[in-house]
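Residue numbers (this note's numbering), protein chains in the order written: chain A, -17 to 499; chain B, 733 to 1098; chain C, 379 to 660.
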């Protein structure tokens, strides 16, 4: 690749048209003949629920996937992007949700990588740094080019990604859920920068599911639902309710049934007292979080992705050491207990990443059914020999009770569908005497029926007096399932609400720090 | 289940064919004779399975390979690669020789024999300890440390057998003769009681891996470390146990070799390098980490080792060709392994004692 | 003292060259466990070529090229066939040992001495290599791209860098360095190839890479330390210490030093994507 000129050439931005884009993954249609256009220099929001096809559409535009049908047109000319390199060459840049940066490289090195400025065979470090500094100033994205990326905040890393695209002369900038892990002040800086960029003619396309962002920051909005375009209009002529109904499909209600049962919680099961957890880089993930979960209630942890929910739950189940503060179960301090001891004391854990944390994929279904329970007297004798008969009987009983389809003795759990794998995990974790169930993203990647099954299983646990602590990024799920809701922001629990007090708007504002509780 | 076994067997056979083809090409090119590989392989096969005495020779070679192959397989089932089997075997052999000589006037023969074996196994386990402890505490990869321990074992056993522990009665640098030896199975052939012992241990291992809590937890750690950890299985303890057991079996292999009638009965200074430890790696890999697979794989390698001598003698092809074939075999099997147990054992979890990074590396591979 | 230092330099330079090869390979993301086999092959081919042509420099050249070929093989196995890096390394080492011994038995004239190279040439080559690798990694575009392959191949690929091709090139160049290190073993001093003449030096070089925290200068420094251990051992033997400390215990010294170094001083961070089998992700 040739090095790019060190000055920003003002070029006209072509209009982007997506015409009849269809993408199928196997039999699953992710996008069905979506047609859209983005005028030069405009700011466009693409919104929809999880799985609506927003990211897929953006990936198709950036050449990361090739549509099965339809065209991308730039300035009226059809394009063939067989890889991101082609899209970049046509002036498209994309900042993905997961940054593609090299932590041990400096900002300037990351930005010029692959299109370096050179003097002979030498890397022109000074030249790169001064170019990046100029670019940063012009575009209003302040950054020190000589600092290592590892030392930067998420927001600064995002600025590096944007500069990377601008350095490659991107005139069309795609941002995939850009504010998902930003603090409110950082988000407003980002939006200010996008406004400046659009004034100079750069087209901005951002994916989001936050309506306030759409109303405040977009010129045009497009709504996708289940792979189809359901709404497209200038924001100035649109009311938020129109967008919301286009997202959920005409229904005004939520698509997860809320059960308004009034609960009478029992005694304290889990108590966190000023719990602090450091992450692997030594920076703080959870800051002095205090929370109580009582018998017979479900507490939901709401928050923007990366606000410390994962670390909090991992500290409860013992996968992560707490650095300060106390975790107690039924009044006993368990902060120093092993995972095994916590399990034996009645903590069940249903992780987000089934394949990494809940299942041994090459093990058979019945072997997975006793993972972590193999030492129980039901499943093994004192001599250390497994009781295969008891294991198989237990397995047969549980898969019937939890309706795990396709699970058979000797069949690797790998061959089950995601929903059935999750049911198997629930069947294992919930079928014993418990004090607390800790759950992360209980329905991620599951279809509606499987998700409803999971929700009912968790409610059943609550009704038999177990304390349930779960985390979800989906506010509808939080509102539908929780009896009480704890909101996390930058590692702190900033609010604890009852379900009656909470609604999606309030939670959204608390999660993003728009209002303090 | 059977499907998976068949697939593994097919892959192992394919790899064997590749290895022998490449080995044949090498023989042909180095001996400048297109017919040389056929003559060599013919001699190799006849030397391995052609007569009852060649069978006896093959079985004699198979015995230690059953043990070293199993030693490596035990570690592999917990996700560790015990490349130090050769060193553990040498240390175990020396320890058994010392016990077998030093206590021959104290213990009666029927006690001395099992006792010497146990001392050998214990020494092997001790020698395997530092590498695995360094792995789980300091994150130094066990392959590098175990290799260094091999060289230290080589020099140390050579020194000990040649100087402080040397038989003062003889000229040769070796320890004095042990007081009790493993009995022969047939008077005419030097196949001794080590063979049934090794077979029993392999069966026991295969059974334990499937039917005990120990085996269950070991396999869970080897095949899904993250899930095993979240399920409360003490991953480090399981790995340390597996490595110690692996070292003990390798040490036992050394002990059984020394205590067998022929060729040793004494620990010679140049014992290290006898090669069964390294062959054990290839045996375990050929078995694809399956315990039962160790038996045919050991027999095959035993046959190759036995036949190699005959081949060198009758057609003059150097016996090192067998080593070449084994090296190609390891590569061929691992290259064709796909995401099978072996491959998973080798997925590069970064060895920093850092859960998050480990997690990340694992995600990339699956 | 002068003898000790010159012996240390002489013994360290093959290790240093090999360790530099290890740095290049590992910084590109390929675990360099195959260095032992590369060195051994380099040593053998160099001796054979020097013998055949009567010219030690030609021998050195062919030894280096042979090392490069083994490097390419390792890259092919790990990048194309997705063999786990450790297994590819072990297999290559085993096959190289068998193959060189086999070939040695076939051509007995290799036991006689071949033309030799002055030790100072190898020391200079090692110093030159250290400067070159260090300069290339820190100052050139190729170096930046190479490091990006070892740190985050996904990011490198989306920045338009041909990750696999760069790794092949790195592995070839790494093999050239280690092959030269191996050639130095057979062409300096002894002037002949002997069975398994590397005796684990490839593994020690890899330990030097880790000990030197994957930096070229660090790795060369570590190699010098091990060379010093080796030289001490040789000097003590020639000084007649053998009567007090037998040679077998002295030869143990470099391995023990390596082990202690690995145990005590590990603090470096390996390249992030080291040994990760590419393409299995998603």
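Each residue gets a CB set at the ideal place from its N, CA and C atoms; glycine is no exception.
Chain order gives the chain A residues near residue 537/C as 95 and 96, where near means a beta carbon separation below 7 Å.
In this structure, the straight-line span from the alpha carbon of residue 303/A to that of residue 419/A is close to 19 Å. Residue pairing of residue 59/A in beta bridges, as defined by DSSP: 56/A. The DSSP assignment places 166 to 181 as complete runs of the alpha helix (DSSP H) inside the stretch 163 to 188 of chain A, in order along the chain (cut-off: 4 residues). An exposed status is given to residue 167/A, since fewer than 16 other beta-carbon atoms sit within 10 Å of its beta-carbon. Around the beta-carbon of residue 937/B, 16 or more other beta-carbon atoms lie within 10 Å, marking it buried.
Contact between the stretch 441 to 458 of chain C and the stretch 542 to 562 of chain C is present: three or more C-beta pairs spanning the two stretches fall below 8 Å. Collapsing the DSSP output to three states places residue 337/A in a helix.
Residue-level contact check: residue 906/B does not touch chain A, since none of the beta carbons of chain A fall below 7 Å from its beta carbon. From the beta-carbon of residue 506/C, no residue of chain A is found nearer than 7 Å; the closest lies around 17 Å away.
For the stretch 403 to 419 of chain C, the beta-carbon criterion of a distance under 9 Å to any beta-carbon of chain A is satisfied by none of its residues.
In chain order, 962 make up the part of chain B whose C-beta sits under 8 Å from the C-beta of residue 331/A.
For a Cβ distance threshold of 8 Å, residue set 477 and 480 of chain C lies close to residue 758/B, ordered along the chain. Residues of the stretch 611 to 635 of chain C that bring their beta carbon within less than 8 Å of a beta carbon in chain B comprise 624, 626, 627, 629, 630, 633 and 634, in sequence order.
Judged by DSSP secondary structure, residue 146/A falls within the alpha helix (DSSP H) whose first and last residues are 136 to 149.
Under the three-state reduction of DSSP output, residue 411/A falls in the helix class. Bounds of the alpha helix (DSSP H) holding residue 582/C are 579 to 589. Boundaries of the alpha helix (DSSP H) around residue 1053/B: 1052 to 1067. Residue pairing by DSSP places residue 253/A opposite 274/A and 310/A in a beta bridge. Given a length threshold of 4 residues, each whole run of the alpha helix (DSSP H) inside the stretch 75 to 109 of chain A is given here in chain order: 89 to 94. Taking C-beta separations shorter than 7 Å and ignoring five residues to either side along the sequence, the partners of residue 1051/B in its chain run 1040, 1041, 1043 and 1044, following chain order. Here residue 149/A is buried, its C-beta having at least 16 other C-beta atoms within 10 Å. Partner residues in a beta bridge of residue 14/A, as assigned by DSSP, do not exist. Put simply, the backbone Cα of residue 421/A is about 5 Å away from that of residue 332/A. For the stretch 52 to 71 of chain A, the beta-carbon criterion of a distance under 8 Å to any beta-carbon of chain C is satisfied by 66, 67 and 70. Following the DSSP letters along the chain, one finds residue 4/A inside the beta strand (DSSP E) bounded by residues -2 to 7.
Within the model, the alpha-carbon separation for residue 357/A versus residue 973/B is close to 17 Å.
Chain C has no Cβ within less than 7 Å of the Cβ of residue 1037/B. Annotated three-state conformation of residue 528/C is helix, per DSSP. By the Cβ neighbour-count rule, residue 1006/B is buried, with 16 or more other Cβ atoms within 10 Å of its own. In the DSSP assignment, residue 477/C falls within the alpha helix (DSSP H) that extends over 463 to 484. A Cβ-Cβ distance of about 4 Å is found for the pair residue 872/B and residue 866/B, placing them in contact under the 8 Å criterion. For residue 466/C, the C-beta contacts it makes with chain B under 9 Å involve 1062, 1063, 1066 and 1067, in order along the chain. If you check each beta-carbon in the stretch 331 to 352 of chain A against every beta-carbon of chain B, the ones closer than 9 Å belong to 331, 333, 335, 336, 337, 338, 339, 340, 341, 342, 343, 344, 345, 346, 349, 350 and 352.
At a cut-off of 7 Å between beta-carbon atoms, residue 970/B makes no contact with chain A. Note on geometry: alpha-carbon atoms of residue 85/A and residue 591/C lie some 17 Å from one another.
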